[in-house]
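To start, the structure itself, in structure tokens.
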Amino acid sequence: MSPTLTITDIHSKKRNEALEILAQISRVEKKTFPTNEAFGFGEDLWRKKPNTRVLYATQTEGARSDLIAYAVYVRQKGVALLHKVCVSPSHRRQGVGQQLMSYIQQRLRKEGCQSIQLWVDQAREPARALYLRCGFEEREQIPDYYAPGRTGIRMVLDLERDG
Numbered sequence: 001m002s003p004t005l006t007i008t009d010i011h012s013k014k015r016n017e018a019l020e021i022l023a024q025i026s027r028v029e030k031k032t033f034p035t036n037e038a039f040g041f042g043e044d045l046w047r048k049k050p051n052t053r054v055l056y057a058t059q060t061e062g063a064r065s066d067l068i069a070y071a072v073y074v075r076q077k078g079v080a081l082l083h084k085v086c087v088s089p090s091h092r093r094q095g096v097g098q099q100l101m102s103y104i105q106q107r108l109r110k111e112g113c114q115s116i117q118l119w120v121d122q123a124r125e126p127a128r129a130l131y132l133r134c135g136f137e138e139r140e141q142i143p144d145y146y147a148p149g150r151t152g153i154r155m156v157l158d159l160e161r162d163g
């Protein structure tokens, strides 16, 4: 059974709360991605980038609320570029990524976005499988996109097709 998630936009939080969440995200990011691919989750993400959205998912058990996933996307007119989707290792394969992706699709559709694009490492099979399940199509491959020997795949989801 999929956990019940609360998905929140850090931009809806006050500064101190947003910075604490960004610090939590940053810790997960550093454990999950190679140093050269780890995103910097600093205060500027909360304050200075109006087209950038940082969403995070928490799961509440008793009095505890744990950050278990996050995503970052940038809106450019009718297109959203999904830069990062991460589910903490202990919560993978439980439907968390699917719920987060579904939330993002619904939100962007409501905002009038026509499509979502992303790049994924060909070797990241679980991520590719998630995106395919969510309706993304593989459109382009670029060898050595991430590093020598690591192919990047551009995936696109047409939000108008099934909206």
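Going by full-length UniProt numbering, the sequence shown wraps up at 163, each residue one higher than the last.
We treat Cβ as the ideally placed atom computed from N, Cα and C, and that holds for glycine.
Being a predicted model, the structure only gives us computed values, none of them experimental.
| query | result |
| --- | --- |
| Just checking, does the stretch 91-98 make contact with the stretch 127-140 on the three C-beta pairs under 8 Å criterion? | yes |
| What do you reckon, are the CB atoms on Leu82 and Gln117 nearer than 8 Å? | yes |
| Would you identify the three-state DSSP class for Lys77, choosing helix, strand or coil? | coil |
| Between Gly78 and Leu67, what straight-line distance do the alpha-carbon atoms span, to the nearest angstrom? | 29 Å |
| Give, in chain order, every unbroken run of the alpha helix (DSSP H) that is at least 4 residues long and sits entirely within the stretch 84-147. | 96-110, 125-133 |
| For Val28, count neighbouring C-beta atoms within 10 Å of its own C-beta (all shown protein chains included) and say buried if the count is 16 or more, exposed if not. | buried |
| Does Ser12 pass the burial test, meaning 16 or more other C-beta atoms within 10 Å, or should it be called exposed? | exposed |
| Can you tell which of Gly152, Arg150, Met155, Lys30 has the C-alpha that lies nearest to the C-alpha of Ser88? | Lys30 |
| Nearest to Ala23 by CA position, among Ile10, Thr35, Glu37, is which residue? | Ile10 |
| Can you look up Asn16 in the DSSP assignment and give me helix, strand or coil? | helix |
| For His91 versus Ala71, is the C-beta spacing smaller than 8 Å? | no |
| Where do the ends of the beta strand (DSSP E) carrying residue 165 lie? | In this structure the chain extends from 1 to 163, so residue 165 is not present and cannot be described. |
| In this structure, does DSSP put Leu22 in helix, strand or coil? | helix |
| Answer with buried or exposed for Val74, where buried requires no fewer than 16 other C-beta atoms within 10 angstroms of its C-beta. | exposed |
| For the ligand FAD, is there a heavy atom less than 7 Å away from the beta-carbon of Arg75? | This structure lacks the ligand FAD, and indeed carries no ligand of any kind. |
| Can you name the start and end residues of the beta strand (DSSP E) that Thr151 belongs to? | 150-158 |
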